[in-house]
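A.B. asks: According to UniProt numbering, the residues represented by the sequence shown are 7 to 338, in order. Even for Gly, the Cβ is constructed at its ideal location relative to N, Cα and C.
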Amino acid sequence: RPRVFSGIQPTADSFHLGNYLGAVRHWVALQESHDAVYCVVDLHAITAGHDPKVLHQRSRVAAAQLLAVGLDPERCTLFVQSQVPEHAQLAWVLGCLTGFGEASRMTQFKDKSQKQGNERASVGLFTYPILQAADILLYQANAVPVGEDQRQHLELSRDLAQRFNTHFGPTFTVPVPHIVKATAKITDLQDPTAKMSKSSSSPAGIVDLLEDPARSAKKIRSAVTDTGREIVFDEETKPGISNLLTIYSALSGREIDDLVAAYDGKGYGDLKKDLAEVVREFVTPIQARTRSYLEDPAQLDKLLAAGAEKARRLAVPTLLKVYERVGFFPPV
Ligand code: TYM
7 RPRVFSGIQP
17 TADSFHLGNY
27 LGAVRHWVAL
37 QESHDAVYCV
47 VDLHAITAGH
57 DPKVLHQRSR
67 VAAAQLLAVG
77 LDPERCTLFV
87 QSQVPEHAQL
97 AWVLGCLTGF
107 GEASRMTQFK
117 DKSQKQGNER
127 ASVGLFTYPI
137 LQAADILLYQ
147 ANAVPVGEDQ
157 RQHLELSRDL
167 AQRFNTHFGP
177 TFTVPVPHIV
187 KATAKITDLQ
197 DPTAKMSKSS
207 SSPAGIVDLL
217 EDPARSAKKI
227 RSAVTDTGRE
237 IVFDEETKPG
247 ISNLLTIYSA
257 LSGREIDDLV
267 AAYDGKGYGD
277 LKKDLAEVVR
287 EFVTPIQART
297 RSYLEDPAQL
307 DKLLAAGAEK
317 ARRLAVPTLL
327 KVYERVGFFP
337 PV
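(1) Helix, strand or coil for G13 per DSSP?
(2) So V322 is in the beta strand (DSSP E); what residue range does that whole segment cover?
(3) According to DSSP, what are the bridge partners of K244?
(4) Could you tell me whether any non-hydrogen atom of the ligand TYM is closer than 8 Å to the CB of Y134?
(5) Is K116 helix, strand or coil when you go by DSSP?
(6) Give the DSSP bridge partners of Y254, in chain order.
(7) Identify which residue in L131, R64, V180 has its Cα closest to the Cα of F11.
(8) Please report the distance separating the alpha-carbon of A140 from that of V238.
(9) Which residues mark the beginning and the end of the alpha helix (DSSP H) in which P337 is found?
(10) Return helix, strand or coil for D218, following the three-state DSSP convention.
(11) Roughly how many whole angstroms lie between the Cα atoms of T243 and E315?
(12) Keeping to the same chain, check which residues put their C-beta closer than 6 Å to that of S258; ignore five residues upstream and five downstream.
(13) Closest to E236 by C-alpha separation, out of D263, K204, D270, S255, would be which residue?
(14) By the 10 Å Cβ neighbour count, where 16 or more other Cβ atoms means buried, how is G153 classified, buried or exposed?
(15) Would you give the residue range spanned by the alpha helix (DSSP H) that H159 belongs to?
(16) Output the boundary residues of the alpha helix (DSSP H) element that contains T199.
(17) Return the residue from the list S222, T83, K224, K272 that minimises the CA-CA distance to Y145.
(18) Given a cut-off of 9 Å, decide if S65 and L215 are closer than it, judged by their beta-carbon atoms.
(19) Q87: buried (16+ other C-beta within 10 angstroms of its C-beta) or exposed?
(20) Would the beta-carbon of K327 fall within 9 Å of that of T104?
(21) Could you tell me the alpha carbon to alpha carbon distance between Q89 and P209, rounded to whole angstroms?
(22) When we look at the beta-carbon of V182 and count the other beta-carbons within 10 Å, is it buried (16 or more) or exposed?
(23) What's the call for F334, buried or exposed, on a 16-neighbour Cβ count within 10 Å?
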């Protein structure tokens, strides 16, 4: 079976609909057809300062949510990045193959370092995409299910795989992005031209999976919509309504065309009210399952440790090969 790898950062108290619809939903589906490896990337979550206790808890909550939305430890490998030291080890080697200018051109780095102030931004923020490449290449992943915002990072992963293979002999599978267009960029409810983002959206722009559905309903009701009153799907002229239709369609399984037909003659308010209800129905069981995983943290930690063992069995052979190829001594 072809292998997929993907990761998600534990940088918030909940995943939002963008994370779920753009990526995690596909992770669940890919368990059926692929050898699937998924990771809570806590190493990536410390680039901008953090509280250790909060990070630890968020990693657990992230894992619990992944299980709650349908990842099955019997059918995939689910683990926390810090339990597999090979990620950091490979990242060093790949970092030495990455040009300073090449890393400087990563748009997420440029945006975030600008926001934090160039002097204050950490070197970890700069090398972040190299660690991401290590995550993927360590597992010889064929495909990487992510949202549109990760495309440039995946391009770097591909370049680094090819570069290593050229310099040192065939070692890495060159991964392809798995980006499902319809939901690849869920937008901010308050700014439908920007992506819904843990780090840059205001709370009113984000619908979190674990928040009170009454709160989500309120946000959906106040979502910025477009001029005119007709409910049509057109991302150019009606980005707000199109985003709501995208979310509605993905969560309900109804085609966008069917929704547009069903709302013919109705108003934005009707659509918003019904979408809030769809969200409520969707998140309620997920919230209950997440809570139940979190009720027994020892059991959850055990499950994650078992996942990390499985992951290491896949990661170690790649790292050994890399060490040999570059002329290092094997780990003892
Ligand atoms: P992160 O934690 O920011 O987001 C997790 C996943 O959610 C997707 N996503 C979205 N998709 C659609 N619309 C949105 N508004 C939206 N917001 C987020 C992201 O594209 C991502 O797939 N760098 C990664 C984490 C990572 C990783 C990896 C991913 C580390 N190592 C290796 C893949 C492979 C990140 O920050 O994701």
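C.D. replies: Once the coordinates are examined:
(1) Here G13 sits in strand by DSSP.
(2) No beta strand (DSSP E) holds V322; the alpha helix (DSSP H) holding it covers 303-332.
(3) Answer is D240.
(4) Flag set: Cβ of Y134 near the ligand TYM.
(5) Of the three classes helix, strand and coil, the one that applies to K116 here is helix, per DSSP.
(6) In the DSSP assignment, Y254 is bridged to no other residue.
(7) If we check each option's Cα against that of F11, V180 comes out closest.
(8) Rounded to the nearest angstrom, the two C-alpha atoms are 42 Å apart.
(9) Counted as a single uninterrupted DSSP element, the stretch harbouring P337 is not any alpha helix (DSSP H), since DSSP gives it neither H nor E.
(10) Three-state result, D218: coil.
(11) Looking at the two C-alpha atoms, the distance is approximately 50 Å.
(12) V284.
(13) Selected option, being the one with the closest Cα: D270.
(14) Classification for G153: buried.
(15) It spans 157-174 - the alpha helix (DSSP H) in which H159 sits, taken as one unbroken run.
(16) Unbroken run through T199 is the beta strand (DSSP E), 197-201; no alpha helix (DSSP H).
(17) Selection S222, T83, K224, K272 evaluated against Y145 yields T83 as nearest (Cα-Cα).
(18) No, the pair does not count as a contact, with Cβ atoms beyond the cut-off.
(19) In this structure Q87 is buried. Its beta-carbon is surrounded by 16 or more other beta-carbon atoms within 10 angstroms.
(20) No, the pair does not count as a contact, with Cβ atoms beyond the cut-off.
(21) So the alpha carbons of these two residues sit roughly 32 Å apart.
(22) Burial call: exposed.
(23) Per the 10 Å Cβ criterion, exposed.
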